[in-house]
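Undergrad: In UniProt numbering, the protein residues as written are 1 to 393.
Even glycine gets a Cβ: it sits at the ideal position worked out from N, Cα and C.
Note that the coordinates shown come from a computational prediction; the quantities given were computed from them, not determined experimentally.
What follows is a structure written as structure tokens; I'll ask about it next.
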Amino acid sequence: MPVEFLGIAATNDGSETTARSGAAFDKEYTLRLARAHEDHGWDRVLFAYGSGSPDPAPAAAYIAARLDRLQILLAHRPNVSYPTFAAKTFATLDQISEGRLTVHFITGGNDHEQGREGDTLTKDERYARTREYIRIVKKIWTAHEPFDHEGEHYRFHDFVSDVFPVQQPRPKVSFGGSSPAAYAAGGAEADIYCLWGEPLEKTAQQIEAVKAAAEAAGRIDAPRIQVAFRPIIAPTEELAWEKAHRTLGAIRRRRQAGPARHHRNGVLEATAPQNTGSQRLIAIAEAGDRYDRALWTPTAAATGGAGNSNALVGTPETVARALLDYYDLGVDVLSARGYDLLDDAVDFGRYVIPLVREEVAKRDAERVAERDAERQGAYPAPGPHQSLTAVRG
Ligand SMILES: Cc1cc2nc3c(=O)[nH]c(=O)nc-3n(C[C@H](O)[C@H](O)[C@H](O)COP(=O)(O)O)c2cc1C
1 MPVEFLGIAA
11 TNDGSETTAR
21 SGAAFDKEYT
31 LRLARAHEDH
41 GWDRVLFAYG
51 SGSPDPAPAA
61 AYIAARLDRL
71 QILLAHRPNV
81 SYPTFAAKTF
91 ATLDQISEGR
101 LTVHFITGGN
111 DHEQGREGDT
121 LTKDERYART
131 REYIRIVKKI
141 WTAHEPFDHE
151 GEHYRFHDFV
161 SDVFPVQQPR
171 PKVSFGGSSP
181 AAYAAGGAEA
191 DIYCLWGEPL
201 EKTAQQIEAV
211 KAAAEAAGRI
221 DAPRIQVAFR
231 PIIAPTEELA
241 WEKAHRTLGA
251 IRRRRQAGPA
261 RHHRNGVLEA
271 TAPQNTGSQR
281 LIAIAEAGDR
291 YDRALWTPTA
301 AATGGAGNSN
311 ALVGTPETVA
321 RALLDYYDLG
331 VDVLSARGYD
341 LLDDAVDFGR
351 YVIPLVREEV
361 AKRDAERVAE
371 RDAERQGAYP
381 APGPHQSLTA
391 VRG
């Protein structure tokens, strides 16, 4: 199965290491960054959501209208709109982008941040609401007759949308979270399940939890798995590690300076994170700085486990091999974001993406050849239940 690369669609040039140079919505930078992804081999970019941040939906529409190939992953929090309204926004955006939209449904990991926009539910209640919301959105995307909905969180009558997505039967649903409630909701509803980069062993455990939840929900398939990292690459290992330590120093200085404390969705970092995903990252960092081939955790520790924060450090070859280790676990969407968002997107696209794609194509071809050989040896012809196209174990 071909691998996909997800980058970031920031609306300004700020990061954990650098203060932004202009407004929160810097229109020119937003386009420049997205174009850098499109021009350097990325498949898709994430438009994230924060309570005070520019609204990602119109920003995504702007990028979709200006670029031809880049796909869009739009983060959306159910608490900020009614599902009928959201489903029409998504369908319209799928029209504008000519079928390039995926929606990332966010439950919200912090009560205080959720409360900023009027959300008073607990995290587990929010997951139940997200699940109901996703089911409604999926139905609206595909229903051509008016219908009623009587649920726990939403009730409406006689609704039918007059705008439908280009993608048939519907755009893909992406989902993230690492708590049992997240696995249950995402395992049931997601097409793509997103994890933050953890050591291989822990990632394998999370993948199993997602698969088990999908099976428990009665699915015959399982979500594809996405894993996110912060690559730090340089021409030699030595230079990459120097860069990694420089990056860590810049993160620490910026956080000590004050305003950067607001980075994680505007939530003050002094409080311990409430979301399981961040708690896991902190525990992993406390247990060790380095894991596997290139995973480095001090960047996660320094940000209080703020989302995608574990680094992969090394030459492009080392980082590509590290990513392929995750591919071998069953991860086929690789998400990456540097600290200098624009330059790092260009470098990663130039030096890492081609290496990974080439090796994935080789591995896939070898697997197909091996299976074909096995089948020809064991059976004269494949039975009706055997797929000739399934290439991964
Ligand atoms: C890849 C990925 C992207 C995410 N993007 C956002 C985001 O843009 N805004 C946000 O508030 N939460 C975001 N989240 C947070 C989760 O959707 C989830 O609400 C939170 O981590 C609760 O997690 P828990 O189940 O681990 O406790 C993201 C999570 C992942 C894995």
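If we require 4 or more residues per run, which alpha helix (DSSP H) segments fall completely within the stretch 215-261?
TA: The stretch 215-261 contains these whole alpha helix (DSSP H) runs: 237-256.
Undergrad: Taking 6 angstroms as the cut-off, is the CB of residue 395 close to at least one heavy atom of ligand 1?
TA: Residue numbering for the chain in the displayed model covers 1 to 393; residue 395 lies beyond these limits and cannot be assessed.
Undergrad: What beta strand (DSSP E) runs, 3 residues minimum, are completely inside the stretch 102-177?
TA: Runs found: 147-150, 155-159, 172-176.
Undergrad: For Gly187 versus Val173, is the C-beta distance shorter than 7 angstroms?
TA: Cβ atoms of Gly187 and Val173: not closer than 7 angstroms.
Undergrad: My guess is that Ala91 and Phe164 are in contact by the Cβ rule of under 8 angstroms, so how many angstroms apart are they, rounded?
TA: Confirmed, Cβ separation roughly 6 angstroms.
Undergrad: Pick from Ala369, Asp372, Pro316: whose alpha carbon is nearest that of Val346?
TA: Taking only the C-alpha atoms, the option nearest Val346 is Pro316.
Undergrad: Taking only the alpha-carbon atoms, compute the straight-line gap between Ala182 and Asp124 and give it to the nearest angstrom.
TA: Ala182 and Asp124: Cα-Cα distance of roughly 8 angstroms.
Undergrad: CB-CB under 7 angstroms to Ile134, same chain, minus the five flanking residues each way: which ones, in chain order?
TA: Cβ within range, chain order: Phe105, Val173, Glu189.
Undergrad: Leaving out five residues before and five after Gly22 in sequence, what residues of the same chain have Cβ atoms less than 8 angstroms from its Cβ?
TA: Within the same chain, Gly22 has close Cβ partners Asn12, Asp13, Tyr29.
Undergrad: Would you say Trp196 and Arg170 are within 7 angstroms of each other, going by their C-beta atoms?
TA: Going by C-beta atoms, Trp196 is not nearer than 7 angstroms to Arg170.
Undergrad: Beta carbon of Arg44, beta carbon of Leu93: below 7 angstroms?
TA: Result no, Cβ atoms of Arg44 and Leu93 do not sit closer than 7 angstroms.
Undergrad: Of all the options Asp344, Cys194, Pro180, which has the alpha carbon lying nearest to the alpha carbon of His37?
TA: Cα-wise, what sits closest to His37 is Asp344.
Undergrad: Hey, residue 404 and Ala322: beta-carbon distance below 7 angstroms or not?
TA: Coverage of the chain is limited to positions 1 through 393, which leaves residue 404 absent and any answer about it impossible.
Undergrad: Using the C-alpha atoms, what's the distance from Thr122 back to Gly109?
TA: Taking the straight line from one Cα to the other gives about 10 angstroms.
Undergrad: Would you call Asp26 buried or exposed, if buried means 16 or more other Cβ atoms sit within 10 Å of its Cβ?
TA: The residue is buried, with at least 16 neighbouring Cβ atoms inside 10 Å.
Undergrad: If you compare alpha carbons, which of Ala320, Asp221, Ile225, Lys139 is closest to Asp332?
TA: Measuring from the Cα of Asp332, the nearest candidate turns out to be Ile225.
Undergrad: For Ala75, which beta-bridge partners are listed by DSSP?
TA: Paired residue(s): His104.
Undergrad: Are Gln313 and Ala378 touching if we call contact CB-CB under 7 angstroms?
TA: It is Val, not Gln, that sits at residue 313 in the sequence shown. No. Outside cutoff.
Undergrad: Identify the continuous beta strand (DSSP E) that holds Ala336 and give its terminal residues.
TA: Element bounds for Ala336: 331-336.
Undergrad: Residues in the same chain with beta-carbon distance under 7 angstroms from Arg280, minus the five sequence neighbours each way, listed in chain order, please.
TA: Excluding residues within five positions, the ones whose Cβ falls inside 7 angstroms are Ser178, Glu198.
Undergrad: Out of Cys194, Leu355, Glu4, which has the shortest C-alpha to C-alpha gap to Thr107?
TA: It is Cys194 whose Cα lies nearest to the Cα of Thr107.
Undergrad: If we call anything under 7 angstroms between Cβ atoms a contact, is Val137 one with Ala87?
TA: Cβ distance < 7 angstroms, so Val137 and Ala87 count as in contact.
Undergrad: Mapping the DSSP letters down to three states, classify Asn265 as helix, strand or coil.
TA: Per-residue confidence for Asn265 stands at a pLDDT of 49, beneath the threshold of 50, marking its modelled position as unreliable; the derived number appears in the next sentence. Here Asn265 sits in coil by DSSP.
Undergrad: Tell me the rounded alpha-carbon separation between Leu101 and Glu117.
TA: If you take the alpha carbons of Leu101 and Glu117, they lie about 25 angstroms apart.
Undergrad: Got a sec: does ligand 1 put a non-hydrogen atom nearer than 6 angstroms to the Cβ of Thr276?
TA: Yes - ligand 1 has a heavy atom lying nearer than 6 angstroms to the Cβ of Thr276.
Undergrad: Sorry if obvious, but does the Cβ on Gly7 come closer than 6 angstroms to a heavy atom of ligand 1?
TA: Result no, Cβ not under 6 angstroms from ligand 1.
Undergrad: The beta strand (DSSP E) spanning Gly7 covers which residue range?
TA: Run containing Gly7: 4-8, per the beta strand (DSSP E) assignment.
Undergrad: Arg66 by DSSP, collapsed to three states: which one?
TA: In this structure, Arg66 counts as helix in the three-state DSSP scheme.
Undergrad: Compute the distance between the beta-carbons of Leu31 and Arg66, then report whether it is under 7 angstroms.
TA: Yes, they are a contact pair.
Undergrad: Among Arg367, Thr247, Glu242, whose alpha-carbon lies nearest the alpha-carbon of Glu16?
TA: Closest by alpha carbon: Thr247.
Undergrad: Would you say residue 460 touches ligand 1, meaning its beta carbon is less than 6 angstroms from a heavy atom?
TA: No information on residue 460 is available, as it lies outside the stretch 1 to 393 that the chain covers here.
Undergrad: Just the C-alpha distance for Val352 and Ala128, rounded to the nearest angstrom, thanks.
TA: The alpha-carbon atoms of Val352 and Ala128 are separated by roughly 39 angstroms.
Undergrad: Between the C-alpha atoms of Ala19 and Arg253, what's the straight-line distance to the nearest angstrom?
TA: Rounded to the nearest angstrom, the two C-alpha atoms are 11 angstroms apart.
Undergrad: CA-CA distance, His262 and Leu46?
TA: For His262, the predicted structure reports a pLDDT of 47, less than 50, and the residue's modelled location is therefore unreliable. A value from the coordinates is still provided. Rounded to whole angstroms, His262 to Leu46 spans 20 angstroms at the Cα level.
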